[in-house]
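J.:
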Amino acid sequence: MRTAFFRALLQAAERDERIHLVVGDLGFGVVETFRERFPNRYLNAGVAEQNMTGIAAGMALSGKIVFTYSIANFPTLRCLEQVRNDVCYHRANVKIVAVGGGFAYGALGMTHHAVEDLAILRALPEMTVVAPGDPIEASAATQAIACRPGPCYLRLGRAGEPVVHADPIRFEIGKAIRLREGHDVTIISIGGMLATAMEVANALMVRGLEARVLSMHTLKPLDTEAIMAARRETRAVVTLEEHSVIGGLGSAVAEVLSESGDRGIPFKRLGIGTSFTTEIGSQEFLREKHGLSVKGVLRSVECLVAASEAHPTSKFAAEQ
66 MRTAFFRALL QAAERDERIH LVVGDLGFGV VETFRERFPN RYLNAGVAEQ
116 NMTGIAAGMA LSGKIVFTYS IANFPTLRCL EQVRNDVCYH RANVKIVAVG
166 GGFAYGALGM THHAVEDLAI LRALPEMTVV APGDPIEASA ATQAIACRPG
216 PCYLRLGRAG EPVVHADPIR FEIGKAIRLR EGHDVTIISI GGMLATAMEV
266 ANALMVRGLE ARVLSMHTLK PLDTEAIMAA RRETRAVVTL EEHSVIGGLG
316 SAVAEVLSES GDRGIPFKRL GIGTSFTTEI GSQEFLREKH GLSVKGVLRS
366 VECLVAASEA HPTSKFAAEQ
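Under the working numbering, think of the first position of the sequence shown as 66, with each following residue one higher.
#1: Starting from the C-beta of Ser365, find all residues in its chain whose C-beta is less than 6 angstroms away, skip the five residues before and the five after it, and write them out in chain order.
#2: If you count every other CB in all the chains shown that lies within 10 Å of the CB of Glu114, and 16 or more means buried, which is it?
#3: Since Arg300 and Asp249 are thought to touch, with beta carbons under 8 angstroms apart, how far apart are those beta carbons, to the nearest angstrom?
#4: Closest to Met29 by C-alpha separation, out of Glu290, Leu274, Ala163 and Phe341, would be which residue?
#5: Between which two residues does the alpha helix (DSSP H) carrying Gly312 extend?
#6: Can you give the Cα-Cα distance for Val278 and Leu363, rounded to whole angstroms?
#7: Taking the beta carbon of Gly312 as the centre, do at least 16 other beta carbons fall within 10 Å, making it buried, or is it exposed?
#8: Count the other CB atoms, across all protein chains shown, that sit within 10 Å of the CB of Ile345; report buried if there are 16 or more and exposed otherwise.
#9: Give me the Cβ distance between Thr118 and Thr98, rounded to the nearest whole Å; I'm assuming they're in contact under 8 angstroms.
#10: Three or more C-beta pairs closer than 8 angstroms, one from the region 233-253 and one from the region 191-208: is that the case here?
#11: Can you give the Cα-Cα distance for Arg100 and His230, rounded to whole angstroms?
#12: Measure the alpha-carbon distance for Thr68 versus Gly92 and round it to whole angstroms.
#13: Quick check: what's the CA-CA separation for Ala382 versus Ala73?
#14: Which residues bound the beta strand (DSSP E) around Gly123?
#15: Would you tell me roughly how many angstroms separate the C-alpha atoms of Gly257 and Gly166, rounded to the nearest one?
#16: To test your reading of the DSSP string, which unbroken alpha helix (DSSP H) runs of 4 or more residues are found completely within the region 183-219?
#17: Around the Cβ of Asp81, are there at least 16 other Cβ atoms within 10 angstroms (buried) or fewer (exposed)?
#18: Considering Asn109, what are the terminal residues of the beta strand (DSSP E) in which it resides?
#19: Using 8 angstroms for Cβ pairs, my map puts Gly338 next to Val370. What's the rounded Cβ distance?
#20: Near Ala121, what residues of its chain come up, given a Cβ to Cβ distance below 6 angstroms and the 5 sequence neighbours on each side ignored?
#21: For Cys212, count neighbouring C-beta atoms within 10 Å of its own C-beta (all shown protein chains included) and say buried if the count is 16 or more, exposed if not.
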């Protein structure tokens, strides 16, 4: 995803001379092209993310569109006060880009596990929160936030995420993308879990179950219409995220469902629990530990669908 991001950023910068990039002393394998092409619009602020954010806010208030870039926890949690007070309060045109969402840097330990960022950034007034599902979405999201006024957060995978979309997409901030149709269950995915969601849907099809798959690439503003359509048209809803189950996609969808006034529907949040992850290992290893592998997600979805068959408000139960 980060390669797709930088390609799109270069294209956007070619069109708009207001676009600048400020980095926190990393990413030299991918930022060099921007630095060479636009040396007067590039700044390495060093390992000083609070300063990086303050600089970006000041530049934005001077008429620039400023992208900050670092490993996920550092341009968000380390400088949260500056993000809140300098960027959001002033509606500054700063685009915070975090690479390595979830367990992408799992081998570096919990200091590099970005599993609370969506919840925290989502809570900030004025902030748009975007987490694309594959490189195609990452490229489109970069172009979209470059044109969107005000603070934005873009959460990326580290590298190597597969392309999920086989066809061109229509990307719009706040509008989910429906990749598959289905009536048995809706799987709502955010970020790098999209490929897993599609694999699970394929496995369910072999078992005779049809799963709708939504890429909820924008957490804020949230596509409530897509959620309510899933509520009306499928028997169960599952959210899938490489993030804490508290405050992220699962919480946002639960809020919509609970406040809708409709009768309940079987619903489950699949994500990371509330304890720190003390294991060290690859992203794949840590996903499996938290039940986020294809097999783990498949088990959870199958159990929920089975429960939905006996649920008093489900279509299945109504037909019996």
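We treat Cβ as the ideally placed atom computed from N, Cα and C, and that holds for glycine.
T.: Walking through what the data contain:
#1: Hits under 6 angstroms: Leu335.
#2: Taking every protein chain shown into account, the CB of Glu114 has 16 or more other CB atoms within 10 angstroms, so this residue is buried.
#3: Right, the Cβ-Cβ distance comes to about 6 angstroms (below 8 angstroms), so this counts as a contact.
#4: The question about residue 29 has no answer here: the residues shown for the chain are numbered 66 through 385.
#5: Per DSSP, Gly312 belongs to no alpha helix (DSSP H) and is neither H nor E.
#6: A straight line joining the alpha-carbon of Val278 with that of Leu363 spans about 13 angstroms.
#7: Per the 10 Å Cβ criterion, buried.
#8: Here Ile345 is exposed. Its C-beta has fewer than 16 other C-beta atoms within 10 Å.
#9: That pair is no contact at about 24 angstroms.
#10: Contact between the region 233-253 and the region 191-208 is present, with at least three C-beta pairs closer than 8 angstroms.
#11: Taken atom to atom, the span from the alpha-carbon of Arg100 to that of His230 is near 30 angstroms.
#12: In this structure, the straight-line span from the alpha carbon of Thr68 to that of Gly92 is close to 11 angstroms.
#13: Residue confidence for Ala382 is low, a pLDDT of 39 falling below 50, so the modelled location carries little weight and cannot support an answer.
#14: Following the DSSP letters along the chain, one finds Gly123 in no beta strand (DSSP E) but inside the alpha helix (DSSP H) bounded by residues Glu114 to Ala125.
#15: One C-alpha to the other measures close to 8 angstroms.
#16: Secondary structure remark: continuous alpha helix (DSSP H) runs of at least 4 residues inside the region 183-219, in chain order: 200-212.
#17: By the C-beta density criterion, Asp81 is exposed, having fewer than 16 other C-beta atoms within 10 angstroms.
#18: First-last of the beta strand (DSSP E) with Asn109: Tyr107 to Asn109.
#19: That pair is no contact at about 23 angstroms.
#20: Excluding sequence neighbours, Ala121 sits near Val87, Val131, Thr133 and Val159.
#21: Counting Cβ neighbours within 10 Å, Cys212 comes out exposed, since fewer than 16 surround it.
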